[in-house]
Amino acid sequence: MSTHVDTPGTTVAQRIAQALPRLTRSHRQVADFVLEHPLQVATLPIDELAAAVGVSVATANRFARALDFDGYATFRAELVRGFESLVAPVERLRGNLEHPTTVAEVFATALDESRRNIEATRQSLDYAACEAAVQRILKARSIYIGGFGASAWLAGLLQHGLDGSCNDVRMLSSVSGVTHAARTLTHAGPQDLFIGLTFPRYLTDTVALAQIARGQGCAVLALTDRPSSPLAPLADVVLYCQTETSYRPNCETSVLALIEALTSAVALRAPRAVQSASRILQAVRPWLHGAQGLPRAEVSSAQPVGAAPAGAAKKKKKASS
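Going by the numbering used here, the first residue of the sequence shown is number 467, and it counts up by one from there.
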């Protein structure tokens, strides 16, 4: 007769603790593995768990029943609770592998998903938030960009896009790790802006840096996927991006499209935008294929669009005298 008393919120770990005195040696082997690797077990079918522990499939199933589950499937479903966003990409991939497709079909599906995500992002944009994001970027003394994992590459592209329009744009992800990023943020203040990028599966590094930035009085701009993101409540302005995909944790294409839209708007609103573009062109000119014949302009004397050429005022004055 079972001695287990199920209560609301009883976790798998609690069930194991309650059942431990009556578990067999092989069941305890499974229990130890589950307690040490709960996230891994949440993604394993019964045969893979049995192989990992070194027991039979029947033993793994009896272990689940010893915890008063109907079987391994209900045991794993309970274990997954709380890990849904973490294991979802693995489960999607497992489902895709169960339905074989051709390479051409995968290409078509992935490209269609990118297109749909970009369109969904465009339709859901809050243009007041877009305007606020551009204004905060242009007013900031220094801009600190935080993104880790796959978001680090996107953060780098954001820095690249803003660098031509802003005086001081800094990437916080580096070989020095997140602790160096935290040290860097101690120099930030109310005149500065922190931009954080994080998408499922959200990394705590970016969230922690956003908290530090807020503690320094720094404004926070978030690029994330939904209001329930841990970064959203920390931000003064949030730009949301649709990132659902069948084959990977996130669709980075739509995030990049949002970054390009943001940096394009900043470039258009930035003061002396043409002069900045000319200065960058002259700086990179030696490395541009076929650009060796371009004249080396004096950028410092470049005139704003529509301004009279240098010396025109003097000539006009001389003629009138």
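Note that CB positions come from ideal geometry on N, CA and C, so glycine has one too. These numbers were taken from a predicted model, which means no experiment stands behind them.
* To do: Specify the secondary structure class of tyrosine 713 as computed by DSSP and reduced to three states.
  => Within the sequence shown, numbered from 1, the residue matching residue 713 stands at position 247. DSSP, read as helix, strand or coil, puts tyrosine 713 in coil.
* For the beta strand (DSSP E) holding tyrosine 610, just list the boundary residues, first then last. => Here the question's residue 610 lines up with position 144 in the sequence shown. Bounds of the beta strand (DSSP E) holding tyrosine 610 are 609-612.
* Nearest to isoleucine 725 (by Cα), restricted to the options Leu591, Pro696, Pro737 and Val740 -> Locating residue 725 in the sequence shown gives position 259, where the first residue counts as 1. Selected option, being the one with the closest Cα: Leu591.
* Looking only at DSSP bridge pairs, what is threonine 567 linked to? -> Stepping through the sequence shown from its first residue, residue 567 is reached at position 101. Paired residues: none, contrary to the question.
* To do: Note down the Cα distance separating valine 765 from glycine 627, rounded to an integer number of angstroms.
  => Counting from one through the sequence shown, the residue named residue 765 turns up at place 299. Counting from one through the sequence shown, the residue named residue 627 turns up at place 161. Low confidence applies here, because valine 765 scores a pLDDT of 42, under 50, leaving its location unreliable; read the following figure in that light. Here the alpha carbons of glycine 627 and valine 765 stand approximately 21 Å from one another.
* **Range of the contiguous beta strand (DSSP E) that encloses tyrosine 706** => Numbered from its first residue, the sequence shown carries residue 706 at position 240. Counting along the chain, the beta strand (DSSP E) containing tyrosine 706 begins and ends at 703-706.
* Look at valine 523 and aspartate 513 and say whether their C-beta atoms are less than 8 Å apart. => Position 57 of the sequence shown, counted from the first residue, corresponds to residue 523. Position 47 of the sequence shown, counted from the first residue, corresponds to residue 513. The Cβ atoms of valine 523 and aspartate 513 sit closer than 8 Å to each other.
* Asked: Taking only beta-carbon atoms, is leucine 515 less than 8 Å away from chain D?
  -> In the structure shown, chain D does not exist; there is a single protein chain.
* Tell me whether alanine 483 sits in a helix, a strand or coil according to DSSP, three-state version. => Locating residue 483 in the sequence shown gives position 17, counting from the first residue. DSSP places alanine 483 within a helical segment (H, G or I) once states are collapsed to three.
* **Per DSSP, cross-strand counterpart(s) of glycine 655** => Counted from its first residue, the sequence shown places residue 655 at position 189. Answer is none; glycine 655 lacks a bridge partner.
* Asked: Going by the CB atoms, is the gap between leucine 697 and alanine 688 shorter than 8 Å?
  -> The residue you call residue 688 lines up with position 222 of the sequence shown. The residue you call residue 697 lines up with position 231 of the sequence shown. At a Cβ-Cβ threshold of 8 Å, alanine 688 and leucine 697 count as neighbours.
* Asked: Tell me the DSSP bridge mates of valine 546?
  -> Taking the sequence shown and counting its residues from 1, the one referred to as residue 546 is at position 80. Answer is none; valine 546 lacks a bridge partner.
* Would you please state the rounded distance, in angstroms, between the beta carbons of valine 519 and phenylalanine 499? I believe it to be under 8 Å. => By 1-based counting over the sequence shown, the position of residue 519 is 53. By 1-based counting over the sequence shown, the position of residue 499 is 33. Confirmed, about 5 Å.
* Asked: Exposed or buried, which one is isoleucine 482 when buried takes at least 16 other CB atoms within 10 Å?
  -> Residue 482 sits at position 16 when you count from the first residue of the sequence shown. Counting Cβ neighbours within 10 Å, isoleucine 482 comes out buried, since at least 16 surround it.
* Asked: What is the rounded straight-line gap between the Cα of threonine 709 and the Cα of arginine 547?
  -> Within the sequence shown, the letter at position 243 stands for residue 709. Within the sequence shown, the letter at position 81 stands for residue 547. Their backbone Cα atoms lie some 22 Å apart in a straight line.
* Please confirm whether arginine 680 and leucine 700 have their CB atoms less than 8 Å apart. => The residue you call residue 680 lines up with position 214 of the sequence shown. The residue you call residue 700 lines up with position 234 of the sequence shown. Contact check for arginine 680 against leucine 700 passes: the beta carbons are separated by less than 8 Å.
* In angstroms with no decimal places, state the Cα-to-Cα distance between alanine 479 and alanine 570. => Here residue 479 corresponds to residue number 13 of the sequence shown, with the count starting at 1. Here residue 570 corresponds to residue number 104 of the sequence shown, with the count starting at 1. Going by the C-alpha atoms only, they are around 44 Å apart.
* **Own chain residues within Cβ distance below 6 Å of valine 721, not counting five before or after** => Residue 721 sits at position 255 when you count from the first residue of the sequence shown. Only Leu620 and Cys707 meet the Cβ criterion.
* Going along the chain, which unbroken runs of the beta strand (DSSP E) with 3 or more residues stay wholly within the segment 570-639? -> Listed in chain order, the beta strand (DSSP E) runs fully inside the segment 570-639 are 609-612 and 635-637, counting runs of at least 3 residues.
* To do: Could you round the C-beta distance between arginine 602 and leucine 659 to whole angstroms and report it? I think they count as a contact, below 8 Å.
  => Within the sequence shown, numbered from 1, the residue matching residue 602 stands at position 136. Within the sequence shown, numbered from 1, the residue matching residue 659 stands at position 193. Yes, arginine 602 and leucine 659 are in contact; Cβ-Cβ is about 5 Å, under 8 Å.
* Of the listed residues Ala543, Val496, Thr567 and Tyr593, nearest to alanine 731 (C-alpha basis) -> Residue mapping note: residue 731 aligns to position 265 of the sequence shown, counting from 1. Of the listed residues, the one whose Cα sits closest to alanine 731 is Tyr593.
* What residues in its chain sit with their C-beta under 6 Å from that of isoleucine 584, if we drop five residues either side in the sequence? -> Locating residue 584 in the sequence shown gives position 118, counting from the first residue. Non-local beta-carbon contacts of isoleucine 584 in its own chain, meaning distances under 6 Å to residues more than five positions away in sequence, involve Ser720 and Ala723 in chain order.
* Asked: Could you give the C-beta distance for glycine 683 and proline 656, rounded to a whole number, given that I count them as a contact under 8 Å?
  -> Position 217 of the sequence shown, counted from the start, is the residue given in the question as residue 683. Position 190 of the sequence shown, counted from the start, is the residue given in the question as residue 656. Taking a contact as a CB-CB distance under 8 Å, the pair glycine 683 and proline 656 counts as one, their CB atoms being some 4 Å apart.
* Cβ-based burial, valine 496 [other Cβ within 10 Å; buried from 16] -> What you label residue 496 is simply residue 30 of the sequence shown in a count that begins at 1. The residue in question, valine 496, is buried, as its Cβ has 16 or more Cβ neighbours within 10 Å.
* According to the neighbour-count rule (16 or more other Cβ atoms, all chains shown, within 10 Å of its Cβ), is threonine 415 buried or exposed? -> For the chain, the structure presents residues 467 to 787; residue 415 sits outside this window and is missing.
* To do: Find the nearest neighbour of alanine 616 within the set Ala648, Ser631, Leu669 and Phe529, judged by alpha-carbon distance.
  => For the purposes of this step, residue 616 is taken as residue 150 along the sequence shown, with counting starting at 1. Closest in C-alpha terms to alanine 616, from the list Ala648, Ser631, Leu669 and Phe529, comes Leu669.
* To do: Tell me whether phenylalanine 665 sits in a helix, a strand or coil according to DSSP, three-state version.
  => In the sequence shown, residue 665 corresponds to position 199, counting from 1. Of the three classes helix, strand and coil, the one that applies to phenylalanine 665 here is coil, per DSSP.
* Could you please give the first and the last residue of the uninterrupted beta strand (DSSP E) stretch that includes leucine 689? => For the purposes of this step, residue 689 is taken as the residue at position 223 of the sequence shown. Run containing leucine 689: 685-690, per the beta strand (DSSP E) assignment.
* To do: For glutamate 597, count neighbouring C-beta atoms within 10 Å of its own C-beta (all shown protein chains included) and say buried if the count is 16 or more, exposed if not.
  => Translated into positions along the sequence shown, residue 597 becomes position 131. Counting every other CB atom within 10 Å of its CB across the protein chains shown gives glutamate 597 a total below 16, marking it as exposed.
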